[in-house]
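J.: Going down the list, the protein sequences come from chains L and G. For the first sequence, counting from 1, position 270 maps to 270 in our numbering; every step adds exactly one. For the second sequence, counting from 1, position 106 maps to 1106 in our numbering; every step adds exactly one. First, the structure itself, so that you have it in front of you.
Number of protein chains: 2
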Amino acid sequence: MDAFIISIGEELLIGQTVNTNAAWMASQLNKAGIEVKEIRVITDRREEILDTLKAAADRSDLVLITGGLGPTRDDVTRDVLCTFFDSELVMNRQVLDDITYFFKQRGRTITETNRNQAMVPDKARIIRNPYGTAPGFWFNQAGKIFIAMPGVPYEMKEMVSKHVLPALLKKEREQYIIHRTVLTHGIGESYLVDLIGDWENNLPEEVQLAYLPSVGIVKLRLTAKGKDEEKLREIIEKEVEALKRIIPEYIWGFDDDTLEGVAGSLLRERKETVCTAESCTGGAIAGRITSVAGSSAYFKGSIVAYANQVKTNLLGIKPEVLQSHGAVSQETAEHMAQSARKLLHSDYAAGVTGIAGPDGGTEEKPVGTTWIAVSSHNKTMSRKYHFGDNRERNIIRASNAALAMLRELILES
Amino acid sequence: MDAFIISIGEELLIGQTVNTNAAWMASQLNKAGIEVKEIRVITDRREEILDTLKAAADRSDLVLITGGLGPTRDDVTRDVLCTFFDSELVMNRQVLDDITYFFKQRGRTITETNRNQAMVPDKARIIRNPYGTAPGFWFNQAGKIFIAMPGVPYEMKEMVSKHVLPALLKKEREQYIIHRTVLTHGIGESYLVDLIGDWENNLPEEVQLAYLPSVGIVKLRLTAKGKDEEKLREIIEKEVEALKRIIPEYIWGFDDDTLEGVAGSLLRERKETVCTAESCTGGAIAGRITSVAGSSAYFKGSIVAYANQVKTNLLGIKPEVLQSHGAVSQETAEHMAQSARKLLHSDYAAGVTGIAGPDGGTEEKPVGTTWIAVSSHNKTMSRKYHFGDNRERNIIRASNAALAMLRELILES
């Protein structure tokens, strides 16, 4: 079984919205052994949707469609589906109840516009929507499956996770696609190529390798496809183990791991705590640590000392230190980490100070210069980094580096 | 002139990479009055690329292709282009010099693999790549333009900004596409429909309206297309003004504005400062404020008081208050804001405390319950929100609401 994704929406074609839905759906389908052959983004014009539905039906066994199911007038997908499947709109009691409940829960009464959303194609099976008013539609035709869902990401995701995937997984599997991604930090793509070239050249035939560089992190994705899931996993694991022996110092996680998640898991296991003192990252590291559910078990808090006044008043960094060494210096970064660790009664702390840009750089300390320190009760480690001239990427790079250093310090402690 | 985007790459079809390239290119083309008719994401198989090139040539005057130009063996785009345009590979001296310089700058010598990248289709005009080794290719055929570029975002962006767009803009403009997006907060899509339905029904023919709901924010995009740029702008502005009269209290910005940017601009104009005291948002608000370049002019810092101990020790909230009213209460939120404002010597402060989830909810205070306070020297405003049960969205919603309240308070001051 292979799949075709159709994303409907002008906002995608004018570049106002990035198509995260298609990427998410593709990753989910892969987990079910279903390959996505093509993704098409089209406008919400009737003819175009019809043509694309035909093309999709010619090519794939499963067609996922998102967008254009809302209550407003530019939402035409439901009507086009009726045309394509020669179906008629009928009132669905269950959907009407769901919509009514949705509004009631919010202390409001259903509007006429939304009541109309309970009119659904008679040939479709309904996929209920707990987070919104537009239901999803599942059509079976000529041995092929067509599933239409709203374009709102969390509404679509709920439908895919709770209904679509479980139903697809019940069918007999034709193949397995095993992806395993090894996550590295602290080494560039071309240096990695040099280190692991021999290993790459000797990979077994059924294993494919892809390099995926992003900001400060290079992901190595190994993929194997075939009928014997267990064997594929064995082959891939063997190669991952080999890779671990070649570049142990750069690997910090696998697959969907995040640096904040990996550091958090270590802290949780050890029943230890962490806090941050942030200048140039402006709370981004704290934000990432607390994006992890359950982080209250190990995260105490943060002092975001953007102004020097705050570095002095709250973190107790002497004005002389700021004056003589500068706010972006080893002394300041270390003091920030050590001081936050004590103030917030934590086992570990990270202190980050740098010049994110675009302004504030000097010849001696150009934009991108960043000092990062991590501190425990008996050790403080600090490093100087030269990132680039892009503010957004500098904040991400600094956050990644701080979290990687934190992981390193925890593992050493 | 309209355009067709072809994105080539397995990483897009397995969902490991989100197609930000296509969105960015679409937004740039729109600025040049060029509509994107379709975006197709395909694998790097020869036949598929050829078929898609044919389909694109049938539909559009301009075809932008990204991906598959790298030096590794899965990069086949260059060869397929040779087949499609009946072209042959020839060594290009300029490209070879560029690649040699690229390596030299990094203290390395050119490899054989990379030298091969100087072999380019003889029918293509070359687009030089200052950030990487793969040049771009520009083909003219039968009155249509085909442009192939690397998939690395910053390499592609440089080529589009410096070469592709300037060349396209030299051609006579056939049409202008004017987008204007009105940004609202604090009202759901279906209530907006009720409020602005009459206005929407009476929009001039050339103006199209789209509703774009996201987490806590609904964007209203007005689009007009035609030959007379000035007239189109006038028509759109008139409608935006009308909208401002109907829903003034919900509108906070336009187009690419962000809540943090809008609040920041106000503070900068007034030479005033802000800080935050965050519990459930864990630094996310500070992170958003400091994502804006130049925010050091008005942002002092933040106390992220995730643990109650930090609320007590650093923010001076009495344990009795936390005990009797709870950490998620009006009293705590207000105290957080007021205390941070004083400690960080700021004109304004936002205090946020809530239950982000998935755990920590009670019957009385379910997951999603959030108290937000904003405070100035003479006023403290606080509101209780009930968001949902999704941690990620709760953090975004709480951040949006806090920034919107902050804007409100600044405007009232």
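By construction, the Cβ of each residue, glycine as well, lies at the ideal position given by its N, Cα and C atoms.
#1: For G/Thr-1353, is the classification buried or exposed, using 16 other Cβ atoms within 10 angstroms of its Cβ as the cut-off for buried?
#2: Going along the chain, which residues of the stretch 371–404 of chain L sit with their C-beta nearer than 8 Å to a C-beta in chain G?
#3: Do you know offhand how far L/Thr-66's Cα is from L/Leu-222's?
#4: Is G/Arg-1393 helix, strand or coil when you go by DSSP?
#5: Extract the residue ranges of the beta strand (DSSP E) inside the stretch 1236–1307 of chain G, only unbroken runs of 3 or more that lie entirely within it.
#6: Bridge partners for G/Val-1090 per DSSP, in chain order?
#7: With a threshold of 6 Å on Cβ separation, who are the neighbours of L/Glu-48 within its own chain once the five nearest residues in sequence on each side are excluded?
#8: Taking C-beta pairs closer than 7 Å, name the residues in chain G that L/Glu-10 reaches, listed in chain order.
#9: Short of 7 Å in beta carbon distance, which residues of its chain neighbour L/Ile-110, apart from the five on each side in sequence? Order them along the chain.
#10: What is the DSSP secondary structure of G/Asn-1030, counted as helix, strand or coil?
#11: Could you pull the start and end residues of the alpha helix (DSSP H) that L/Ala-349 belongs to?
#12: Do G/Leu-1062 and G/Ala-1148 have their C-beta atoms within less than 8 Å of each other?
#13: Does G/His-1185 come out as helix, strand or coil in the three-state DSSP assignment?
#14: By the three-class DSSP mapping on this structure, what secondary structure does L/Met-1 have?
#15: Would you mind reading off the limits of the alpha helix (DSSP H) that contains G/Ser-1324?
#16: So which residues on chain L does G/Val-1310 lean against when the C-beta distance must stay under 7 Å?
#17: Where does L/Asp-44 land, buried or exposed, given buried means 16+ other C-beta within 10 angstroms?
#18: Give me the residue from L/Glu-230, L/Leu-344, L/Asn-92 with the minimum Cα distance to L/Lys-315.
#19: Taking 8 Å as the threshold (beta carbon to beta carbon), is G/Asn-1019 in contact with chain L?
#20: With C-beta atoms as the reference, is G/Tyr-1131 less than 8 Å away from G/Thr-1184?
#21: Thinking just about the alpha-carbon of each residue, which of G/Ile-1006, G/Ala-1340, G/Val-1164 is nearest to the one in G/Thr-1276?
#22: Just by C-beta distance, which residues in the stretch 1036–1047 of chain G are closer than 9 Å to chain L?
#23: Determine the closest residue to G/Ile-1034 out of G/His-1179, G/Trp-1138, G/Gln-1094, with distance taken between C-alpha atoms.
#24: Cα-Cα, which of L/Leu-29, L/Ser-7, L/Gly-253, L/Arg-173 is closest to L/Asp-228?
#25: With a threshold of 16 other CB atoms inside 10 Å of the CB of G/Gly-1107, please say whether the residue is buried or exposed.
#26: Report the neighbours of G/Asn-1030 on chain L: residues whose CB is nearer than 8 Å to its CB, in chain order.
#27: Closest by CA to G/Ile-1396, which one among G/Thr-1281, G/Arg-1046, G/Asn-1114?
#28: Roughly how many angstroms separate the alpha carbons of L/Ala-242 and L/Ile-235, rounded to a whole number?
#29: Report the residue from L/Thr-362, L/Val-152, L/Ala-142, L/Arg-128 whose alpha carbon sits nearest the alpha carbon of L/Asn-21.
#30: Which runs of the alpha helix (DSSP H) spanning at least 4 residues fall entirely within the stretch 1051–1086 of chain G, listed in chain order?
#31: Compile a chain-ordered list of the residues in the stretch 146–168 of chain L whose CB is closer than 8 Å to at least one CB of chain G.
#32: Between G/Ile-1006 and G/Ala-1056, which are expected to be in contact by the criterion C-beta below 8 Å, what is the C-beta distance as a whole number of angstroms?
#33: What residue does the beta strand (DSSP E) around L/Gln-141 start on, and which one ends it?
#34: Please decide whether L/Ser-339 counts as near chain G, where near means a Cβ-Cβ distance under 8 Å.
#35: Assuming L/Val-295 contacts L/Ile-289 under a Cβ cut-off of 8 Å, what Cβ separation, rounded to an integer in Å, is found between them?
#36: With a cut-off of 8 Å, do at least 3 Cβ pairs link the stretch 252–272 of chain L to the stretch 392–410 of chain L?
T.: The answer reads as follows:
#1: Locating residue 1353 of chain G in the second sequence gives position 353, where the first residue counts as 1. That one is buried.
#2: Under the 8 Å Cβ criterion, the stretch 371–404 of chain L contributes Arg-391, Glu-392, Ile-395.
#3: Translated into the one-based positions of the first sequence, residue 66 of chain L becomes position 66. Translated into the one-based positions of the first sequence, residue 222 of chain L becomes position 222. Spanning the two alpha carbons is a distance of roughly 29 Å.
#4: Start at 1 with the first residue of the second sequence, and residue 1393 of chain G comes out as number 393. Here G/Arg-1393 sits in helix by DSSP.
#5: The qualifying runs are 1251–1254, 1274–1278, 1299–1305.
#6: Against the second sequence, residue 1090 of chain G aligns to sequence position 90. Residue pairing by DSSP places G/Val-1090 opposite G/Val-1120 in a beta bridge.
#7: What you label residue 48 of chain L is simply residue 48 of the first sequence in a count that begins at 1. If you ignore the 5 residues before and after L/Glu-48, its C-beta comes within less than 6 Å of the C-beta of Ile-42, all in its own chain and listed in chain order.
#8: Walking along the first sequence from the start, residue 10 of chain L turns up at place 10. Neighbours of L/Glu-10 on chain G, chain order: Ala-1210.
#9: Locating residue 110 of chain L in the first sequence gives position 110, where the first residue counts as 1. Cβ neighbours of L/Ile-110 beyond the five flanking positions: Ile-99, Thr-100, Phe-103.
#10: For the purposes of this step, residue 1030 of chain G is identified with residue 30 of the second sequence, where counting begins at 1. Helix.
#11: Looking up residue 349 of chain L in the first sequence gives position 349. Residue range 348–354 is occupied by the beta strand (DSSP E) that includes L/Ala-349, with no alpha helix (DSSP H) assigned at that position.
#12: Residue 1062 of chain G sits at position 62 when you count from the first residue of the second sequence. Residue 1148 of chain G sits at position 148 when you count from the first residue of the second sequence. The Cβ-Cβ distance between G/Leu-1062 and G/Ala-1148 does not fall below 8 Å.
#13: One-based indexing of the second sequence puts residue 1185 of chain G at position 185. In the structure shown, the three-state DSSP call for G/His-1185 is strand.
#14: Looking up residue 1 of chain L in the first sequence gives position 1. If DSSP states are grouped into helix, strand and coil, L/Met-1 belongs with coil.
#15: For this step, residue 1324 of chain G is matched to residue 324 along the second sequence. Element bounds for G/Ser-1324: 1319–1324.
#16: Here the question's residue 1310 of chain G lines up with position 310 in the second sequence. Going along chain L in sequence order, the residues near G/Val-1310 (Cβ under 7 Å) are Lys-300, Gly-301, Leu-344.
#17: Taking the first residue of the first sequence as 1, we reach residue 44 of chain L at position 44. Buried.
#18: Locating residue 315 of chain L in the first sequence gives position 315, counting from the first residue. A small fix is needed here, since residue 315 of chain L is Leu in this sequence, not Lys. Considering only alpha carbons, the answer is L/Leu-344.
#19: Here residue 1019 of chain G refers to the residue found at position 19 of the second sequence. With 8 Å as the cut-off, G/Asn-1019 counts as an interface residue toward chain L.
#20: Sequence index remark: in the second sequence, residue 1131 of chain G carries index 131 (1-based). Sequence index remark: in the second sequence, residue 1184 of chain G carries index 184 (1-based). The answer is no: Cβ separation not under 8 Å.
#21: To locate residue 1276 of chain G, count along the second sequence from 1; it is residue 276. Nearest C-alpha to G/Thr-1276: G/Ala-1340.
#22: Interface annotation for the stretch 1036–1047 of chain G against chain L: Val-1036, Lys-1037, Glu-1038, Ile-1039, Arg-1040, Val-1041, Ile-1042, Thr-1043, criterion Cβ-Cβ distance under 9 Å.
#23: By one-based count along the second sequence, residue 1034 of chain G stands at place 34. Considering only alpha carbons, the answer is G/His-1179.
#24: For the purposes of this step, residue 228 of chain L is taken as the residue at position 228 of the first sequence. Comparing Cα positions, the closest option is L/Arg-173.
#25: Counted from its first residue, the second sequence places residue 1107 of chain G at position 107. Under this definition G/Gly-1107 is an exposed residue.
#26: What you label residue 1030 of chain G is simply residue 30 of the second sequence in a count that begins at 1. Within chain L, the residues near G/Asn-1030 are Ile-14, Gly-15.
#27: Locating residue 1396 of chain G in the second sequence gives position 396, where the first residue counts as 1. Out of G/Thr-1281, G/Arg-1046, G/Asn-1114, the CA that lies nearest to the CA of G/Ile-1396 is found in G/Thr-1281.
#28: Position 242 of the first sequence, counted from the first residue, corresponds to residue 242 of chain L. Position 235 of the first sequence, counted from the first residue, corresponds to residue 235 of chain L. Looking at the two C-alpha atoms, the distance is approximately 11 Å.
#29: Here residue 21 of chain L refers to the residue found at position 21 of the first sequence. Taking only the C-alpha atoms, the option nearest L/Asn-21 is L/Val-152.
#30: Counting whole runs of 4 or more residues, the stretch 1051–1086 of chain G contains the alpha helix (DSSP H) stretches 1077–1084.
#31: Result list: Val-152, Tyr-154.
#32: Locating residue 1006 of chain G in the second sequence gives position 6, counting from the first residue. Locating residue 1056 of chain G in the second sequence gives position 56, counting from the first residue. Confirmed, about 6 Å.
#33: Here residue 141 of chain L refers to the residue found at position 141 when the first sequence is read from its first residue. Run containing L/Gln-141: 136–141, per the beta strand (DSSP E) assignment.
#34: To locate residue 339 of chain L, count along the first sequence from 1; it is residue 339. So, not an interface residue.
#35: Here residue 295 of chain L refers to the residue found at position 295 when the first sequence is read from its first residue. Here residue 289 of chain L refers to the residue found at position 289 when the first sequence is read from its first residue. Position check: residue 295 of chain L holds Ser in this sequence, whereas Val was assumed. L/Ser-295 to L/Ile-289, Cβ: 6 Å. Contact.
#36: Under the 8 Å Cβ criterion, the stretch 252–272 of chain L counts as touching the stretch 392–410 of chain L, having at least three qualifying pairs.
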